[in-house]
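Note that the UniProt record's numbering numbers the sequence shown so that position 59 is 59, with each residue one more than the last. Idealized CB from N, CA, C, for every residue including glycine. Single-structure report; data block below.
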Amino acid sequence: MVFLNRVFSVRPAAQTGFKRTSERLQQTSNARIPYSGQQGHTFLRNDHSHRRLRPLVSTPKKLAPGFAESRRTVVAVAAQTSATESQGTNPYAGIKAFVAGATGGTGRKIVEELVAKGIPVRALVRDKSKASDLLVDGVEVVEGDVYQYMTLPKALGDCNVVFCATGSREPLDPLGPFTVDYNGTVNLVNVAARAGKVKHFVFVTSIGTDDILFPLNLFWGVLFWKKRAEEALQRSGLTYTIVRPGGLKNEPEDGSGKGNVIMKGPNSFGLPPREQPGSILREQVAEVCVAALIEEEAANKIVEVISKESADEQSMSDLFAGV
Ligand SMILES: NC(=O)c1ccc[n+]([C@@H]2O[C@H](COP(=O)([O-])OP(=O)(O)OC[C@H]3O[C@@H](n4cnc5c(N)ncnc54)[C@H](OP(=O)(O)O)[C@@H]3O)[C@@H](O)[C@H]2O)c1
1 MVFLNRVFSV
11 RPAAQTGFKR
21 TSERLQQTSN
31 ARIPYSGQQG
41 HTFLRNDHSH
51 RRLRPLVSTP
61 KKLAPGFAES
71 RRTVVAVAAQ
81 TSATESQGTN
91 PYAGIKAFVA
101 GATGGTGRKI
111 VEELVAKGIP
121 VRALVRDKSK
131 ASDLLVDGVE
141 VVEGDVYQYM
151 TLPKALGDCN
161 VVFCATGSRE
171 PLDPLGPFTV
181 DYNGTVNLVN
191 VAARAGKVKH
201 FVFVTSIGTD
211 DILFPLNLFW
221 GVLFWKKRAE
231 EALQRSGLTY
241 TIVRPGGLKN
251 EPEDGSGKGN
261 VIMKGPNSFG
271 LPPREQPGSI
281 LREQVAEVCV
291 AALIEEEAAN
301 KIVEVISKES
311 ADEQSMSDLF
321 AGV
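So, in structure tokens, the structure goes:
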């Protein structure tokens, strides 16, 4: 998405006189959209006087629901199959991942990160012939289109976590953001929710989705539609992590290092008075996405991520806990 890179490379004027409102605002979006009939999650009511969602009932959440159970299962299976195998200590054991957008820049990095963690992957592609490089051990390539609902249940198969890193590829198609970024994601969310076995849905969107004035919306309201898709996920009852990156890069700029990840709550970066949106490597976004599966503080959060060389290095646990 060349146009996205262009927009993110435009740096807003430095902030001096503004008191940052992100700390106040981050709680607004980092909340479950009111949803009825769900157990073990935070229920919310809309408190109009403060324009924020406040919890009505909050039950402690130790781990993305289901993983405690799948971990136990895996420990038992590992003990049966081999006493020497270290499966029981692998926090990712028992996970099978579905990646939509697997041929894209970030999707490929997510697949690589999953494979590196030993997690079996089903990679959704629209055209298998363009995905030969994804065919590595541990990756099963399946064809489908997020806009074609009926292609998705079979493609999802027996996966129990979902990553969505899709994005409209056609900057000149006015319906692209509605079709792919919104409708396609809603299809995927619905299929995941109905499957009944998906324990976590990780969704890559973008910094700026809370801000209708963010310049990217000039491209057929792409951030508006991403935000609507985020809300559909939040309402779905699925455990989710929404990862909003700044400008995406494949390589560090000449002469600079990767930098360290900075993670903040929703609406922290963007137009003034927010912080400058900055950028981040796709591989770092992938690391954040995959870590979200096992970090209990990642469940049901929206996080905005950029990277900076001047930032202190932090563990994923500390990054998620800080939001
Ligand atoms: N570029 C940036 O600076 C930036 C910044 C912040 C956030 N983002 C967002 O981050 C996400 C990842 O960005 P990226 O640049 O890494 O992605 P990308 O390279 O543009 O890849 C997009 C992926 O979506 C897939 N896709 C498009 N329409 C689809 C459909 N109907 N069904 C199934 N798959 C479909 C594409 O598949 P095909 O290969 O078949 O086309 C491709 O795999 C996107 O949501 C993007 O908007 C981008």
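- Secondary structure note for LYS249: its beta strand (DSSP E) is the uninterrupted segment 247 to 249.
- In the three-state DSSP reduction, GLU253 falls in the coil class, being neither helix nor strand.
- CA-CA distance, PHE269 to GLN276, rounds to 6 Å.
- Counting other Cβ atoms within 10 Å of its Cβ, ASN250 stays below 16 and is therefore classed as exposed.
- Note on LEU175: under 16 other CB atoms within 10 angstroms of its CB, so exposed under the neighbour-count rule.
- About 7 Å separates the CB atoms of PHE98 and PHE163; that is less than 8 Å, so the two are in contact.
- By the 16-neighbour rule on beta-carbons within 10 angstroms, THR89 is exposed.
- Relative to the non-hydrogen atoms of ligand 1, the Cβ of THR241 never comes closer than 6 Å to any of them.
- The DSSP-derived three-state label of LEU135 is coil.
- A direct Cα-to-Cα measurement between ARG282 and GLU304 gives close to 13 Å.
- Rounded to whole angstroms, the gap between the alpha carbons of THR166 and LEU114 is 17 Å.
- Straight across, the Cα-Cα distance linking VAL139 with LYS154 is about 16 Å.
- The C-beta of LEU248 has 16 or more other C-beta atoms within 10 Å across all chains shown, which makes the residue buried.
- Fewer than three Cβ pairs drawn from the stretch 117 to 132 and the stretch 193 to 207 lie within less than 8 Å of each other, which leaves the two stretches out of contact.
- The C-alpha of MET150 lies about 11 Å from the C-alpha of GLY184.
- The alpha carbon of ASN260 has as its nearest neighbour, out of ILE306, LEU293, GLU231, the alpha carbon of ILE306.
- Membership of ARG126 in any alpha helix (DSSP H) is not indicated, and neither H nor E is assigned to it by DSSP.
- When secondary structure is reduced to three states using DSSP, SER315 falls in the coil class, being assigned neither helix nor strand.
- If you look at ALA195, you'll find it isn't in any beta strand (DSSP E); it sits in the alpha helix (DSSP H) that goes 185 to 195.
- For THR151, the shortest C-beta to heavy atom distance toward ligand 1 is 6 Å or greater.
- Under DSSP, CYS159 takes part in no beta bridge, so it has no partner.
- For LYS264, the CB contacts under 6 Å within the same chain, skipping 5 residues up- and downstream, are GLU304 in chain order.
- Burial is judged here by how many other beta carbons sit within 10 angstroms of a residue's own beta carbon; LYS109 has at least 16 and is buried.
- Look at ILE95 here: in three-state DSSP terms it is coil, with no helix or strand label.
- Judged by the Cβ position, LEU213 fails to qualify as a neighbour of ligand 1 at the 6 Å threshold, every heavy atom of the ligand being at least this far.
- Taking each of LEU271, ALA192, ILE95, LEU188 in turn and checking the Cα distance to TYR147, the smallest one comes out for LEU188.
- Taken in chain order, the complete alpha helix (DSSP H) segments of 4 residues or longer contained in the stretch 213 to 281 are 222 to 235.
- If you compare the alpha carbons of VAL285, GLY144, ARG235, GLY104 with that of LEU134, the shortest gap goes to GLY104.
- DSSP places VAL146 outside both helix and strand once states are collapsed to three, so it counts as coil.
- Burial state of ARG244 is buried, judged by a 10 Å Cβ sphere holding 16 or more other Cβ atoms.
- One Cα belongs to GLU309, the other to SER317, and the distance between them is close to 20 Å.
- Looking only at SER315, ALA93, GLU313, VAL285, the smallest Cα-Cα distance to VAL161 is reached by ALA93.
- No Cβ-Cβ contact shorter than 7 Å links GLY221 with PHE214.
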